[in-house]
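Asker: Counting in numbering that gives the first Met the number 0, the sequence shown runs from 0 upward without gaps. For each residue, glycine too, the CB sits at the ideal point set by N, CA and C.
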Amino acid sequence: MRSYAIGDIHGHIDLLRAAHARIAADKAACGDSDAPIVHIGDLCDRGPDSRGVIDYLAKGIAAGENWVVLKGNHDRMFTLFLDDPQAQDPGLRDEFSYLHPRIGGSTTLASYGVANAGDRPLVPVHAEAVAAVPAAHRDFLTSRPCYFARGEAMFVHAGVRPGIAIEDQSEDDLCWIRTDFLDYTGAFPWLLVHGHTALDAATNYGNRVNIDSSAAYGGPLTAVVIEGRSVSVLTDTGRAPLLPTPDAPIR
């Protein structure tokens, strides 16, 4: 059973289109036009065109593309800001806000025409953002699922809390978890495919595969193909097997 997955996009529409092109080439090579493409979340923030990414994915799904788009912590922070600019996502450290430069919310608002959001009073910025962001985009982000299962693979944005059934996982963990998940070396019931924790390159730890290759920070946007528990990175020249390296460093 074949599935495709794409890592954290963070507003990079050109990288997303290129990842889809690599997947299309692989589908053509193996004659499988029906396999789903799972987008692991974090559509927005930090990159230049969050609006374009959200619009592209929402319109594709509406047109019948077999795409799954999961909810990432940045997608959740964006909609929470629109609901209440004073609200603090429980996964975000107290010293940060959505418009803090390290979070990247200002770049998302800029893609909707709200300029210099981090340098102006919050009340007018929020009012402009609410007026600028289409309701369809807000609805799309808030309605995203937090996990997707297919065959031997389970797809989530951040990870899972070990020992808890997937249907009992909290959204906070599925969108935000790091330490208790990343440090876990035991087996999961599935091959766990995730992003959220940026690496230099996609890494297969044996029990899980992290496909966030730091597109938010100038790195590539990884697309992988998964068959059973076998994983390959899709390159411009074809597949590159991503073999398990359980002793790979975690950060």
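1. Between which residues of its own chain and Pro-240 is the CB-CB distance below 7 Å, once the five residues before and five after are set aside?
2. Please report the distance separating the alpha-carbon of Pro-245 from that of Leu-15.
3. So, under 8 Å CB-CB, Ala-222 and Asp-211 are touching, yes? Tell me the CB distance rounded to an integer number of Å.
4. Quick one: Cα of Ala-18 to Cα of Arg-45, how far?
5. Apart from the five residues on each side of it in sequence, which residues of its chain come closer than 7 Å, Cβ to Cβ, to Ala-131?
6. Just to confirm, are Met-153 and Ile-163 a CB contact at a threshold of 8 Å?
7. In its own chain, which residues sit with a C-beta less than 7 Å from the C-beta of Ala-34, not counting the 5 before and 5 after it?
8. Entirely within the segment 116-187 and at least 4 residues each: give me those alpha helix (DSSP H) ranges in chain order.
9. Please confirm if the segment 89-96 is in contact with the segment 59-67, defined as three or more CB-CB distances below 8 Å between the two stretches.
10. Pick helix, strand or coil for His-19, following the three-state DSSP scheme.
11. Do Leu-69 and Pro-144 have their CB atoms nearer than 8 Å?
12. With burial defined as no fewer than 16 other Cβ atoms inside 10 Å of the residue's Cβ, what is the status of Ser-49: buried or exposed?
13. Does Gly-104 pass the burial test, meaning 16 or more other C-beta atoms within 10 Å, or should it be called exposed?
14. Where Asn-72 and Ala-201 are concerned, what is the direct C-alpha to C-alpha distance, given to the nearest angstrom?
15. Quick one: give me the first and last residue of the beta strand (DSSP E) that Ile-5 is part of.
16. In the DSSP assignment, find the beta strand (DSSP E) that holds Arg-207 and state where it starts and stops.
17. Rounded to whole angstroms, what is the Cα-Cα separation between Val-37 and Ile-225?
18. Quick check on this structure: which residue in Leu-56, Val-67, Leu-42 and Ala-57 has the alpha carbon closest to the alpha carbon of Met-76?
19. Just tell me which of Tyr-216, Pro-219, Gly-218 and Tyr-204 has its CA closest to the CA of Arg-228.
20. Using the Cβ count rule (16 or more neighbours within 10 Å means buried), how would you classify Tyr-216?
21. Hey, could you find the ends of the alpha helix (DSSP H) Arg-50 is sitting in?
22. Quick one, which of His-156, Trp-175 and Leu-108 has its alpha-carbon nearest Val-192's?
23. So, at 6 Å on beta carbons, what are the nonlocal neighbours of Ala-57 in its own chain, with the 5 sequence-adjacent residues on each side left out?
24. Going straight from the alpha carbon of Phe-147 to that of Arg-21, what length do you get?
Answerer: Based on what the coordinates show:
1. Scanning its chain for C-beta atoms nearer than 7 Å, with the 5 sequence neighbours on each side dropped, one finds around Pro-240 the residues Ser-231, in chain order.
2. 28 Å
3. With a Cβ gap of about 12 Å, Ala-222 and Asp-211 do not count as contacting.
4. 19 Å
5. Here the set comprises Tyr-111, Gly-112 and Val-113.
6. No, the Cβ-Cβ distance between Met-153 and Ile-163 is not below 8 Å.
7. Arg-1, Ser-2, Tyr-3 and Lys-26
8. 121-131, 134-141, 170-175 and 178-181
9. Between the segment 89-96 and the segment 59-67, the count of Cβ pairs shorter than 8 Å is below three; the stretches do not touch.
10. helix
11. yes
12. buried
13. buried
14. 19 Å
15. 1-5
16. 207-209
17. One Cα belongs to Val-37, the other to Ile-225, and the distance between them is close to 11 Å.
18. Leu-42
19. Ranking Tyr-216, Pro-219, Gly-218 and Tyr-204 by CA distance to the CA of Arg-228 puts Tyr-204 first.
20. exposed
21. 49-61
22. His-156
23. The residues are Phe-139.
24. 22 Å
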